[in-house]
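To start, the structure under review is shown below, and the notes come after it.
Residue numbers (the UniProt record's numbering): 1 to 501.
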C-alpha cells in the first residue's frame, strides 16, 4: 500500500515532463514554448467569465484533445482536471492509451499494474516485463526516471522485508539518469535505518559521484540540474552525520563544511552537529563559531545552548568582562529582531465595549478607559499556564506602575464554582504570591457562557490582548510558551511598539 501511494506521484511528474520535452533538444525547446503559449491561452479564456469565452475554450480543448501530439493531449487532460471535469479527463485517458499505444499515458497505465503483484519477487517479474514492452531508450532522458522510481519501490519492499541480498542485483539495473542520485540517496537511507552504516556510506558516495557528473553535464535542463544540486547538498550532510556517528570526526568535518558552503540558509542542527565534531577533535574556536552563527540568527537557540556557548567563548574569545559585553550586544540584536517580528504581527481591530465588575461589585466600562493602553489577561485559578506566566506579568506591571497611561486588567473567567468560592480562591492565590493585580470577574451565565470571554472570542486561556489608547486591539497573545524571560521581553516589546504607533 505504501508503494502504491508513491506511484501516483510519478504520473504528475511525467505529465509535467512530457509537456516540456520531446526526443531532441531543439524539438524539446519548441514543444515547451508551444505548450506554454497554449496554456496561457487556455488560462486567459478560462478567466473570462463570458459565454463566448467559454465556448471558445471548449472548442480549443476539443481541438487539442484530437491532436496527434501526445503532449498536447496530455495538456488537455491536465486542464480538464483543473476545471473539475474529471469524467472528460478519464475519458481522454482511455483515448490516449489507444491512440498512443507506446506513449507516456499507456506506459504509465501499464506501470501501475506492476504494483498489483503480491510481494517484491512478483513485482520484480512484472517490472521486467513492463520494461521490455516499453524500453527506456524509446523515450527522452527526462521521461526515463520512472524506470528508476519503479525499481526503487521494489528495492524498498525488499528492505522492509529484511531481505537486503537482492538489492545489489536491482541496483545494477538502474538507468544512468540525473535523478539516479536521488535513488542512491534513498537506498543509502534504507541501509542506514537498518544500522548498516558502511553500506549507507557506499551509496552516498555513489550519490556524490553521480551528482558531480550530471552537474557538469551541459545538456540537461536547468531544473534537472538544480534537483541534482539539492540532493548533492543533502548528501554532504547525511554523509557527515554518519561519519560522526561512527566517531570519524576528522573526515566528517570536511563534509559538514561542504554542506555549509553549498546551502544558502542556516541549518541549526547541522551547525550543532558540526560543533560537536569540532570539539571532539579539539578545534573549540571553530566550534564556537558554529554556535555563534545560530545564536545570532535564532535567539531561542541562545538559552538552549547558553552553558556551552559561554564555556566556548571563555575558552576561545575572552574573559568574563568580554562575555558580559558580548551578551549586551546580543541582547540589543535580539531586541531589534523581536521588534521587526512584532511589527509584522501587529493588527488593528476595534475592541468590544464590555462592562468589567470586580469581586467587590465595582463596575468599569472598558470604553471609559479610552486614552489608556490596556493589557487584558484572561485567566483562571485552575489554569496552570495562566498562573505560570504571572511572575512575568508582575514584573511588567511593576515596570509601568508610574505610567498612568498603561493599565493592566486581569479577567478571571471559565470558573465553574460559585462566585463566593471563586472569590476566595482568587484572593487566596493573589495573597499567597503577593500579586498586585486588578482582577475582574467573568461569571458564568445561565446560558453557560462567559460574556467577556465571548465578546473577545476567547475559547482557551491564557489569552492576552493589548489595546491601544484609541480602543483598538493591536496584539493577541494566545497561550504561554513556558519561558518567563521570553514572555516578559515579548510583552514589553509589544507595549513599546504600540506606544510608538
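Quick reminder that beta carbons are idealized off the backbone N, C-alpha and C, glycines included.
Other residues of its chain near residue 166: CB distance less than 7 Å, five sequence neighbours each side excluded: Excluding five sequence positions before and after residue 166, the CB atoms of its chain that fall closer than 7 Å to its own CB belong to 158, given in chain order.
Three or more C-beta pairs below 8 Å linking the stretch 192-204 and the stretch 138-153: no
C-alpha gap between residue 97 and residue 106, whole angstroms: Here the alpha carbon of residue 97 sits roughly 5 Å from the alpha carbon of residue 106.
Residue 413 (DSSP reduced to helix, strand or coil): Note: residue 413 maps to strand in three-state DSSP.
When 82, 100, 63 and 77 are compared against residue 90, the one with the closest alpha-carbon: 77
Own chain, CB closer than 7 Å to residue 498, minus 5 neighbours either side, in chain order: 373, 466, 468 and 474
Contact under 7 Å by Cβ, residue 562 with residue 377: Lying outside 1 to 501, the shown extent of the chain, residue 562 is not represented and no answer is given.
Among 297, 345, 321 and 289, the one whose alpha carbon lies nearest that of residue 308: 289
Assigned exposure category for residue 462 - 16 Cβ within 10 Å defines buried: Around the C-beta of residue 462, 16 or more other C-beta atoms lie within 10 Å, and the residue is accordingly described as buried.
Local Cβ density within 10 Å of residue 240, reported as buried at 16 or more and exposed below that: buried
Cβ neighbour criterion (16 or more within 10 Å) applied to residue 33: Bear in mind that a pLDDT of 47 at residue 33, under 50, signals an unreliable position, so the model cannot answer this.
Nearest-angstrom Cβ-Cβ length linking residue 362 and residue 315, presumed shorter than 8 Å: Taking a contact as a CB-CB distance under 8 Å, the pair residue 362 and residue 315 does not count as one, their CB atoms being some 60 Å apart.
Three-way DSSP call (helix, strand, coil) for residue 474 in this model: Of the three classes helix, strand and coil, the one that applies to residue 474 here is strand, per DSSP.
Residue closest to residue 203, alpha-carbon to alpha-carbon, out of 213, 191 and 501: 191
4 or more residues per run - each alpha helix (DSSP H) lying fully within the stretch 28-95: 51-65 and 70-82
Same chain, Cβ closer than 7 Å to residue 252, neighbours up to 5 away in sequence not counted: Short of 7 Å from the beta carbon of residue 252, and not among the five residues preceding or following it, lie these beta carbons of its own chain, in chain order: 240, 243, 244 and 277.
Alpha-carbon to alpha-carbon, residue 310 and residue 425: 43 Å
Same chain only: Cβ atoms within 7 Å of residue 502, ignoring 5 sequence neighbours per side: Here the chain comprises residues numbered 1 to 501, so residue 502 is not present and cannot be evaluated.
Own chain residues within Cβ distance below 7 Å of residue 173, not counting five before or after: 151
Rounded C-alpha distance that separates residue 103 from residue 213: 29 Å
Buried versus exposed, by CB contacts within 10 Å (16 or more), residue 460: exposed
Residue 56 Cβ short of 6 Å to the ligand FMN heavy atom set: The ligand FMN is not part of the structure shown, which contains no ligands of any sort.
Candidates 160, 164 and 145, of which the one nearest residue 182 by Cα: The option with the nearest alpha carbon to residue 182 is 145.
Three-way DSSP call (helix, strand, coil) for residue 407 in this model: strand
Supposed contact pair residue 207 and residue 235 - C-beta distance, whole angstroms, cut 8 Å: 5 Å
Same chain only: Cβ atoms within 7 Å of residue 486, ignoring 5 sequence neighbours per side: none
Exposure label - residue 4; buried when at least 16 CB within 10 Å: At residue 4 the pLDDT is 39, less than 50, meaning the model places this residue with poor confidence; the figure from the coordinates comes in the next sentence. Classification for residue 4: exposed.
Beta-carbon gap between residue 259 and residue 237 smaller than 7 Å: yes
Classification of residue 320 by the beta-carbon crowding that lies within 10 angstroms, buried from 16 upward: exposed
Option in 188, 162, 160 and 143 with minimal Cα separation from residue 175: 143
Runs of alpha helix (DSSP H) lying entirely within the stretch 82-161, each at least 4 residues, in chain order: 86-99, 104-114, 119-133 and 145-160
Spatial neighbours of residue 338 in its chain, beta-carbon cut-off 8 Å, leaving aside the 5 residues before and after: 299, 489, 490 and 493
Residue 293 beta carbon less than 7 Å from that of residue 271: yes
Residue from 471, 127, 121 and 120 with nearest C-alpha to residue 113: A check of alpha carbon separations from residue 113 across 471, 127, 121 and 120 identifies 127 as the nearest.
Three-state secondary structure assigned by DSSP to residue 368: helix
Where residue 58 falls, given that 16 or more other Cβ within 10 Å makes a residue buried: exposed
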